[in-house]
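Read through the structure below, which is laid out as structure tokens, and then see the notes.
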Amino acid sequence: MIQVAGGVRVYLALGRTDMRKGMNGLSMLVQEVLGKDVFTGHLFVFRRRRGDLIKILAWDGQGFCLFAKRLERGRFVWPSANDGVAHVTSAQLSMLLEGIDWRMPQRTWRPEMAG
70 MIQVAGGVRV YLALGRTDMR KGMNGLSMLV QEVLGKDVFT GHLFVFRRRR
120 GDLIKILAWD GQGFCLFAKR LERGRFVWPS ANDGVAHVTS AQLSMLLEGI
170 DWRMPQRTWR PEMAG
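In the working numbering, the protein residues as written are 70 to 184.
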């Protein structure tokens with residue numbers, strides 16, 4: 070599991086991404102298409118067209134880190150916009166990586182009265 074430090078933002082690259090791209094190609098995409106500074110230490114998440122593979126790009130101060138996850142069944146829940154960038158919380162990223170619909174998670178229990 071990826072631990073996201075405080076102050077680190079998580080950005081989803083909306084639309085489809087060519088997953089043949091590696092660290093260099095994805096970092097250029099962050100700078101030129103998303104208009105973000107790739108050297109901030111924030112996480113940038115990309116999804117394949119079929120929705121079963123994501124890649125996460127991060128700068129750790131010394132170099133780039135590239136994480137990938139492929140679901141054997143199902144798809145990663147992704148916003149429906151065709152381009153741009155969306156910001157999510159670290160908790161939403163954790164749910165996304167587990168294949169959970171992070172947009173409207175269902176609470177398992179709600180208290181009925183205090184005390």
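In this text, a Cβ means the ideal position worked out from N, Cα and C, and glycines have one as well.
Proximity winner among the options, relative to residue i (alpha-carbon distances)
i, options, result
"Arg78", "Leu162, Pro180, Arg179, Ile169", "Leu162"
"Phe145", "Phe136, Gly132, Met164, Gly130", "Met164"
"Phe136", "Ala183, Glu181, Met92", "Met92"
"Val154", "Gly110, Met97, Leu103, Trp171", "Leu103"
"Gly110", "Met97, Ser96, Leu98, Asp129", "Asp129"
"Phe133", "Glu167, Ser96, Leu166", "Ser96"
CA-to-CA distance, residue j to residue i, given in whole angstroms
i, j, result
"Gly94", "Arg179", "45 Å"
"Phe113", "Gln131", "17 Å"
"Arg116", "Gly76", "23 Å"
"Met88", "Lys105", "19 Å"
"His156", "Met182", "34 Å"
"Gln100", "Met173", "30 Å"
"Ala127", "Val107", "8 Å"
"Ile125", "Ser159", "13 Å"
"Ile169", "Leu98", "27 Å"
Residue i - containing alpha helix (DSSP H), residue span
i, result
"Val99", "92 to 101"
N- and C-terminal bounds of the beta strand (DSSP E) containing residue i
i, result
"Leu81", "79 to 82"
Interface flag, residue i vs chain B, CB-CB below 8 Å
i, result
"Asn93", "Within the model displayed, chain B is absent; a lone protein chain is all it includes."
Inter-stretch contact (C-beta, 8 Å, three-pair minimum) for the segment 141 to 155 and the segment 121 to 131: yes
Segment contact flag, the segment 81 to 94 with the segment 147 to 155, C-beta cutoff 8 Å, min 3 pairs: Segment contact: the segment 81 to 94 against the segment 147 to 155, three or more CB-CB distances shorter than 8 Å; contact assigned.
In chain order, which beta strand (DSSP E) runs of at least 3 residues are fully inside the segment 113 to 158? 122 to 128, 133 to 139, 154 to 157
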